[in-house]
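Accompanying notes for the structure given below.
Number of protein chains: 2
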Amino acid sequence: MGELATPHGIIRTPAFMPVGTQGTVKAMTPEGLKSAGAEIVLGNAYHLYLRPGVETIRKMGGLHRFTGWDRPILTDSGGYQVFSLAELRKICEEGVTFQSHLDGSAHAFTPESVTELQMGLGADIIMCFDECIPYPSSRQYTEESTARTARWAKRCRDTFRGAGDGSQAIFGIVQGGTYADLRRRSAGELVVLGFDGYAIGGLAIGEPKEATWEAVASAAEQLPSDKPRYMMGVGFPEDIIQGVSLGVDMFDCVMPTRNARTGTLFTSSGKLAIKNARYSADESPVDQECDCYACRNFTRSYLRHLFMAGEMTGAMLATAHNLRFYLRMMEGMRGAIGGGRFAEWRDEFLYKYSSS
Amino acid sequence: MGELATPHGIIRTPAFMPVGTQGTVKAMTPEGLKSAGAEIVLGNAYHLYLRPGVETIRKMGGLHRFTGWDRPILTDSGGYQVFSLAELRKICEEGVTFQSHLDGSAHAFTPESVTELQMGLGADIIMCFDECIPYPSSRQYTEESTARTARWAKRCRDTFRGAGDGSQAIFGIVQGGTYADLRRRSAGELVVLGFDGYAIGGLAIGEPKEATWEAVASAAEQLPSDKPRYMMGVGFPEDIIQGVSLGVDMFDCVMPTRNARTGTLFTSSGKLAIKNARYSADESPVDQECDCYACRNFTRSYLRHLFMAGEMTGAMLATAHNLRFYLRMMEGMRGAIGGGRFAEWRDEFLYKYSSS
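Chains as they are written, first to last, in the numbering used here: chain Y, 4 to 359; chain C, 4 to 359.
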């Protein structure tokens with residue numbers, strides 16, 4: 004359990020960060036996010052760079068003022084997005100050239116430009132530019148790529164130290180694929196460079212679960228205990244709980260928001276496909292234990308109707324609920340850790356969560 | 004200016020009713036509707052009959068409990084929807100047979116069944132089943148249809164009186180196309196039957212503006228001054244103001260909500276197409292004079308970004324704004340009427356509204 008102080012307020016850890024790729028968490032307002040208990044959101048530098056562009060956001064007073072979200076923001080460096088472009092990008096020591104997924108226009112990202120981009124957006128926490136390598140990748144390619152990511156991390160850090168006013172923070176990103184020794188080496192190299200926090204990237208991209216946790220554990224043993232650890236792009240409730248068990252402090256994932264829009268709702272007794280006919284006359288709320296706006300005011304029957312009728316209001320209520328579920332789960336974990344009963348909390352939560 | 008008392012509260016008139024076709028005003032929650040100042044919403048009996056069905060809504064405790072909206076609800080009889088089906092429906096004295104727009108299944112509506120349907124939904128205000136005839140229609144067809152609508156009105160009233168507990172209200176609907184004498188005759192016949200309020204239907208369906216207002220005036224001269232008058236499916240701000248000038252008390256229209264979803268915003272100085280490039284770095288709110296959540300917290304630049312990026316949050320904020328604009332306009336009119344300065348208010352509003 005910890006507190007991370009930023010210019011826009013304190014983030015209590017373990018923390019879950021709702022994903023606001025394009026300057027909004029989909030189907031949510033800042034007011035709704037606060038009601039759900041979000042203390043930080045994630046924005047994507049790649050998407051914001053392409054649209055509306057950093058110049059527009061700077062003119063509008065930075066990402067916080069632009070989006071109306073006055074609590075902390077962490078921006079992803081775009082590494083994951085750029086490397087997802089596959090055929091549309093080319094990598095070299097200097098950086099990456101790529102084509103926009105929007106209009107095919109040509110762009111280049113370097114560790115320096117991406118650091119400056121995120122500083123310009125006004126993010127509270129800036130992420131190093133890294134290569135997120137696919138699974139599976141050969142040991143040779145993973146070793147080469149991870150070494151380059153370490154060299155890029157130094158360039159990001161130097162740019163950050165040279166231009167910053169000290170109010171922002173920068174996190175390094177551990178890579179190394181599914182090779183435990185490369186994970187350890189990557190983490191060790193970043194620690195020598197010195198960052199405000201350390202992310203573990205390149206996971207939950209198709210590798211077996213055991214490989215995920217081995218990579219996390221390998222990285223974690225090299226990381227200082229007084230700096231936050233952030234597991235990127237994870238995940239299901241059970242994954243987040245497992246991550247916390249291994250000492251991870253921060254998480255982000257599109258899971259709660261994306262699943263909400265397709266009608267998959269998280270509840271204390273497991274996932275629920277709201278479009279299922281069994282809910283057509285179900286008078287109970289989505290989750291009896293939830294205190295969100297949707298659960299306090301509407302039945303499963305009504306939510307099902309909204310989804311069957313294709314009403315946007317369904318996605319809105321489901322998103323508010325799923326985010327509240329995730330954030331309430333984080334609150335539960337923080338309370339349990341503070342009370343010295345995390346293991347009991349975890350066992351009870353998972354027992355109930357797998358009951359339906 | 005007036006007050007209409009219902010089991011779910013008072014509606015101050017002139018009133019605008021946001022349209023909640025399928026049991027929700029699109030992209031709005033009941034909480035958001037209250038913030039916007041809505042005192043009544045409209046639901047469509049046709050849509051709710053087909054999905055989720057009146058039985059489901061009854062089991063869930065009626066339309067108010069089902070939708071979480073605890074203020075008044077008026078339900079449309081489905082006449083407009085059924086007659087919009089064109090090739091999919093057949094009309095006779097008894098009623099209408101039609102095919103569902105959802106799955107082609109066969110259904111029949113009669114004045115009796117539609118009245119019972121709306122009573123079963125628990126609407127505060129029930130509308131008679133009428134034929135909404137297209138524009139243009141021959142005098143002969145209009146005369147025949149309007150006479151049948153009057154016979155149907157009697158059957159609706161009789162069903163309502165026979166089965167009701169007195170808590171609900173029922174409105175008749177004046178038809179008569181663009182024939183002033185038929186409008187007068189239709190209104191006169193309804194008044195003899197006796198209803199709690201009178202709607203003027205079959206307008207704003209493509210006829211010239213002068214024909215609209217002649218029809219309204221013709222109907223209005225037959226209607227009692229102590230009962231509410233409701234102009235259905237209207238309209239633009241300037242149309243609503245004109246309607247109020249002619250003594251109309253209630254309006255409904257998809258205009259503010261539908262336009263919001265495509266990025267057309269209403270402001271005190273006219274309509275604004277938010278996707279226009281001129282707003283890309285515009286720091287002002289959508290409407291400087293508006294007190295809605297969107298205008299208090301976001302710039303035109305940000306709203307434009309949300310629309311360009313295809314983010315649902317854009318539709319949500321735009322809907323909240325447009326509805327607040329309409330409802331604030333109604334508040335303005337009520338205040339002006341109460342202060343004996345409606346004509347001045349109207350001239351000033353329209354001067355400003357047409358300025359951009």
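C-beta atoms are modelled at their ideal positions from N, C-alpha and C, and glycine is treated no differently.
- Rounded to whole angstroms, the separation of the alpha carbons of Met336/C and Thr78/C is 25 Å.
- Going by DSSP, Asp79/C is part of the beta strand (DSSP E) stretching over 76–79.
- At a cut-off of 8 Å between C-beta atoms, Ala30/Y counts as an interface residue with respect to chain C.
- In the structure shown, Arg54/C adopts coil according to DSSP, grouped into three states.
- Under the three-state reduction of DSSP, Pro227/C is assigned to coil, being neither helix nor strand.
- The DSSP-derived three-state label of Asn47/Y is strand.
- The three-state reading of DSSP puts Asp255/C in strand, counting E and B together.
- About 6 Å separates the beta carbons of Leu193/Y and Val177/Y, which is inside the 8 Å limit, making them a contact pair.
- Distances from the alpha-carbon of Ala263/C to those of Cys135/C, Pro55/C, Ala30/C, Glu58/C put Ala30/C closest.
- By the criterion of a C-beta distance shorter than 7 Å, Ser283/Y is surrounded in its chain by Ser304, Arg307, once the five residues flanking it on both sides are discounted.
- According to the DSSP assignment, Leu309/C belongs to the alpha helix (DSSP H) that extends over 303–311.
- Taking C-beta atoms under 8 Å as the contact rule, Phe254/Y and Phe328/Y fail to qualify, at a distance of about 14 Å.
- According to the DSSP assignment, Thr270/Y belongs to the beta strand (DSSP E) that extends over 267–270.
- As computed with DSSP, Gly200/C is found in a beta bridge with Phe174/C.
- Cβ neighbours of Glu292/Y within its own chain (closer than 7 Å, five residues either side excluded): Ser271.
- Within the segment 58–80 of chain C, those residues whose Cβ lies closer than 7 Å to any Cβ of chain Y are, in chain order, Thr59, Lys62, Met63, Phe69, Thr70, Gly71.
- Here Thr24/Y carries a coil assignment [DSSP, helix/strand/coil].
- If you draw a straight line from the Cα of Gly12/C to the Cα of Asp73/C, it is about 9 Å long.
- With a cutoff of 8 Å on beta-carbon distance, Tyr356/Y and Pro240/Y are scored as near each other.
- Between the segment 195–211 of chain C and the segment 225–237 of chain C, the count of Cβ pairs shorter than 8 Å is three or higher; the stretches touch.
- Note that the segment 75–90 of chain C touches the segment 127–140 of chain C; at least 3 beta-carbon pairs, one per stretch, sit closer than 8 Å.
- By the neighbour-count definition (other C-beta atoms within 10 Å, threshold 16), Thr27/Y is a buried residue.
- If you draw a straight line from the Cα of Tyr144/C to the Cα of Val219/C, it is about 20 Å long.
- Nearest C-alpha to Arg187/Y among Ser148/Y, Ser103/Y, Gln225/Y: Gln225/Y.
- Not a single C-beta of chain Y is nearer than 8 Å to the C-beta of Met20/C.
- In the three-state reduction of the DSSP assignment, Phe132/Y falls in the coil class.
- Contact between Val22/Y and Cys298/Y does not hold, since the beta-carbon distance rounds to 22 Å and is not under 8 Å.
- Two segments are said to touch when three or more pairs of C-beta atoms, one from each, lie closer than 8 Å; by this definition the segment 91–101 of chain C does not touch the segment 52–60 of chain C.
- Within the segment 38–59 of chain C, those residues whose Cβ lies closer than 7 Å to any Cβ of chain Y are, in chain order, Arg54, Pro55, Thr59.
- Within chain C, the C-beta atoms nearer than 9 Å to that of Asn300/Y come from Thr32, Pro33, Glu34, Gly71, in chain order.
- Taking a C-beta distance under 8 Å as the contact criterion, Phe132/Y and Phe112/Y qualify as a contact pair.
- Interface annotation, Leu309/C: in contact with chain Y, CB-CB separation under 8 Å.
- For the set Ile243/C, Thr118/C, Gly238/C, the Cα lying nearest the Cα of Gly209/C is the one of Gly238/C.
- Under the Cβ distance rule, Ser87/C does not count among the residues neighbouring chain Y, no pair being separated by less than 8 Å.
- Interface annotation, Tyr201/C: not in contact with chain Y, CB-CB separation never under 8 Å.
- Around Ser103/C, the same chain offers Leu53, His110 as residues with beta carbons nearer than 7 Å, after the five sequence neighbours per side are excluded.
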